[in-house]
Every structure is written in C-alpha cells, then in structure tokens.
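The structure appears below as structure tokens.
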Amino acid sequence: SEYFAEHIFEPLGMTDTAFSVAPDKADRFAANYQRQADKSLKLIDDPERSNYLKHPTFFSGGGGLTGTIKDYLNFCEMLRQKGVLGSERIIGSRTLAMMHRNHLPGGGDLASSALGDFSETAYEGVGFGLGFATSMDEVATGQVGAGDYYWGGAASTIFWVDPVEDLVVIFMTQLMPSATFNFRGQLKNIVYSAIED
Numbered sequence: 235s236e237y238f239a240e241h242i243f244e245p246l247g248m249t250d251t252a253f254s255v256a257p258d259k260a261d262r263f264a265a266n267y268q269r270q271a272d273k274s275l276k277l278i279d280d281p282e283r284s285n286y287l288k289h290p291t292f293f294s295g296g297g298g299l300t301g302t303i304k305d306y307l308n309f310c311e312m313l314r315q316k317g318v319l320g321s322e323r324i325i326g327s328r329t330l331a332m333m334h335r336n337h338l339p340g341g342g343d344l345a346s347s348a349l350g351d352f353s354e355t356a357y358e359g360v361g362f363g364l365g366f367a368t369s370m371d372e373v374a375t376g377q378v379g380a381g382d383y384y385w386g387g388a389a390s391t392i393f394w395v396d397p398v399e400d401l402v403v404i405f406m407t408q409l410m411p412s413a414t415f416n417f418r419g420q421l422k423n424i425v426y427s428a429i430e431d
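Numbering (this note's numbering), first residue to last: 235 to 431.
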C-alpha cells in the first residue's frame, strides 16, 4: 500500500485511490449491488457498513482498490501516454509495451489456455500480457478493434487503452457479478463504431 501511494498514486494525483475509504470520504462511497433472478437489485455492500471502511491487513496488487473515475482516468492517461502523465514517468515505455504484448504460450489466445467459463468477455482472439488482457483478432473476438489492452473489475467495471486509436475508455458501475450483462463487449462495439477516420 505504501509503495502504491508513493510510486503511483501520489505522482499521478490519484488522491482518492486506496485499499480503504478514509472516514472523510465515506459519504462519497458508492453502494454495490447484485442482480437477482427476478431482475431486482440486492444491496450487497452498503457504503455505511462496508469492509472498505476498515483498514485491510492484506493488500493485493490485483484487486481491492477503491477510487474515483478521475483517479482512474489519470492512471489510464498515463498508460495511453506510454508511462508518463505530465512530468511524472511511472513506467518505462518499453516496459509498458512488453506488458501489454501477448505472453501466452505459442502466441495463443485465452481460449487455448483457459479452463472454465469465468469471464463474460470472449476468450477467442484475446491474449494475455503482464497484467492486461490484449485484443489480438477482431474476427475471433467478434468485436471491433484489435491492439487494445484492458482489464475489468469485479463490479462490472472496465478500462481499455488503444494505442492505435490513441484512446482511453473507462466504464464504472457497481453491479456484481461482472458477468451479469455484456456491458464490456457492447460498449466496445459502440465506441469503435462511432470513430471516424
């Protein structure tokens, strides 16, 4: 948590991102819901009683952060700008390029490596780098756009960075599980169909 704060959050001006919600920010913390079989929404994380109001004892680099869309935009803009935001370099451009390249054995996609049915997004045509999924093949994924890299959150959130289109997209919601709706695939098709040359 200290490393993230010192080397990522503070340099990027991510003042609302942490592994817990500070008491003076709790009034801005959003509730989290789960869709039920009857299509109603059930409150599953009440912001007034959330575990995020407590300081955790385990800090995961792969999940568990809370923050604002402004903070997330700063992070994604740093990725889009090849590791730099303003005068702050967070990661080397070559390192970042290596991270969002496909590293699956034989250059395969997730469909050739994955077991089970964990994700609401397609495994076909999607590779995996060092911390990001990466779109490799428009035809195989059934979505417009290839060359972007992305990651989603448990509450149906997603961000992606497209170096070819010089584009960042962030979608925030508070709905679990992330497979409830195909928000991510639909959003991607809507965004790319609106781009004109």
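Glycine included, C-beta positions come from ideal geometry on N, C-alpha and C. Computed from a predicted structure; not experimentally measured.
Could you check how far apart the C-beta atoms of residue 337 and residue 363 are, in whole angstroms? I think they sit under 8 angstroms. The sequence position of residue 337 within the sequence shown is 103, counting from 1. The sequence position of residue 363 within the sequence shown is 129, counting from 1. Their Cβ separation, rounded to whole angstroms, is 6 angstroms, which keeps residue 337 and residue 363 in contact under 8 angstroms.
Since residue 281 contacts residue 265 with CB under 8 angstroms, what's their CB separation in whole angstroms? Counting from one through the sequence shown, the residue named residue 281 turns up at place 47. Counting from one through the sequence shown, the residue named residue 265 turns up at place 31. With a Cβ gap of about 5 angstroms, residue 281 and residue 265 count as contacting.
Measuring straight from C-alpha to C-alpha, what distance separates residue 328 and residue 314? Within the sequence shown, numbered from 1, the residue matching residue 328 stands at position 94. Within the sequence shown, numbered from 1, the residue matching residue 314 stands at position 80. Rounded to whole angstroms, residue 328 to residue 314 spans 13 angstroms at the Cα level.
Start and end of the alpha helix (DSSP H) containing residue 419? Along the sequence shown, read from residue 1 onward, the residue named residue 419 stands at position 185. Residues 417-427.
Length of the line joining the Cα atoms of residue 371 and residue 308: In the sequence shown, residue 371 corresponds to position 137, counting from 1. In the sequence shown, residue 308 corresponds to position 74, counting from 1. Approximately 28 angstroms, taken between the alpha carbons.
Would you list, in sequence order, the uninterrupted alpha helix (DSSP H) runs of no fewer than 4 residues that lie entirely inside the segment 361-398? With a minimum length of 4 residues, the continuous alpha helix (DSSP H) runs that stay inside the segment 361-398 are 372-375.
Delimiting residues of the alpha helix (DSSP H) encompassing residue 303: Within the sequence shown, numbered from 1, the residue matching residue 303 stands at position 69. 303-314 is the extent of the alpha helix (DSSP H) around residue 303.
Report the CB separation of residue 366 from residue 383 in whole angstroms; it is logged as a contact under 8 angstroms. As a position in the sequence shown, residue 366 is number 132, starting the count at 1. As a position in the sequence shown, residue 383 is number 149, starting the count at 1. Residue 366 to residue 383, Cβ: 4 angstroms. Contact.
Would you tell me roughly how many angstroms separate the C-alpha atoms of residue 261 and residue 413, rounded to the nearest one? Here residue 261 is taken as the residue at index 27 of the sequence shown, counted from 1. Here residue 413 is taken as the residue at index 179 of the sequence shown, counted from 1. Those two C-alpha atoms are separated by around 28 angstroms.
Would you mind giving the Cβ-Cβ distance between residue 312 and residue 324, rounded to the nearest angstrom? I have them listed as a contact below 8 angstroms. Taking the sequence shown and counting its residues from 1, the one referred to as residue 312 is at position 78. Taking the sequence shown and counting its residues from 1, the one referred to as residue 324 is at position 90. Their Cβ separation, rounded to whole angstroms, is 5 angstroms, which keeps residue 312 and residue 324 in contact under 8 angstroms.
Note down, in chain order, each residue of its chain lying with its Cβ closer than 7 angstroms to the Cβ of residue 317, except the 5 sequence neighbours on either side. Position 83 of the sequence shown, counted from the start, is the residue given in the question as residue 317. Counting only Cβ-Cβ distances below 7 angstroms, and skipping sequence neighbours, we find 323, 324, 325, 326, 327, 330.
Among all the DSSP beta bridges, which residues are the ones paired with residue 357? As a working mapping, residue 357 is identified with position 123 in the sequence shown. Answer is none; residue 357 lacks a bridge partner.
From residue 409 to residue 245, what does the alpha carbon distance come to, in whole angstroms? Residue 409 sits at position 175 when you count from the first residue of the sequence shown. Residue 245 sits at position 11 when you count from the first residue of the sequence shown. Roughly 30 angstroms between the two C-alpha positions.
Reference residue 310; option with closest CA among 417, 429, 396, 332: Locating residue 310 in the sequence shown gives position 76, counting from the first residue. Looking at 417, 429, 396, 332, the one whose alpha-carbon comes closest to that of residue 310 is 396.
Taking a contact to mean a Cβ-Cβ separation below 8 angstroms, would you say residue 425 touches residue 403 in this structure? Counting from one through the sequence shown, the residue named residue 425 turns up at place 191. Counting from one through the sequence shown, the residue named residue 403 turns up at place 169. It is a contact, given that the beta carbons lie within the stated cut-off.
Hey, could you find the ends of the alpha helix (DSSP H) residue 435 is sitting in? No answer is possible for residue 435: the residues shown for the chain start at 235 and end at 431.
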